[in-house]
Amino acid sequence: MESTDALTTDTLKALIKESLREVLREERLNLSQLLMPFVSNEEQAEIDASLGSPEDYADEELINLTDWVRHGGSIQ
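Mind the numbering: the sequence shown is residues 1 to 76 in UniProt numbering, read in order.
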């Protein structure tokens, strides 16, 4: 009976831990969206005209931050 209780407790802890991770990830995304400034179409057109688009740059000039964002600031 003890091993079943321990297994249930460990399973419950793992489930709670994963659920908290999901909630924190969602809230971090919501916060990022709230802090991101709004850019109008006119302003975006000005930015594109002065800086160009990503396609105008060589791959060596760009840094892909997808993994950095996905892992909360630590690239694994």
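We put the beta carbon where it would ideally sit given N, CA and C, even for glycine. The structure displayed is predicted, hence computed values, not measured ones.
For residue i, which three-state DSSP category applies?
i, result
"residue 39", "coil"
"residue 53", "coil"
"residue 47", "helix"
"residue 6", "helix"
"residue 1", "Any answer about residue 1 is weak, because its pLDDT of 49 lies below 50 and its placement is not dependable; what the coordinates show is given next. Three-state DSSP puts residue 1 in coil, outside helix and strand."
"residue 30", "helix"
"residue 62", "coil"
Hey, residue i and residue j are a contact pair by Cβ (cut 8 Å); roughly how many whole angstroms apart?
i, j, result
"residue 62", "residue 54", "7 Å"
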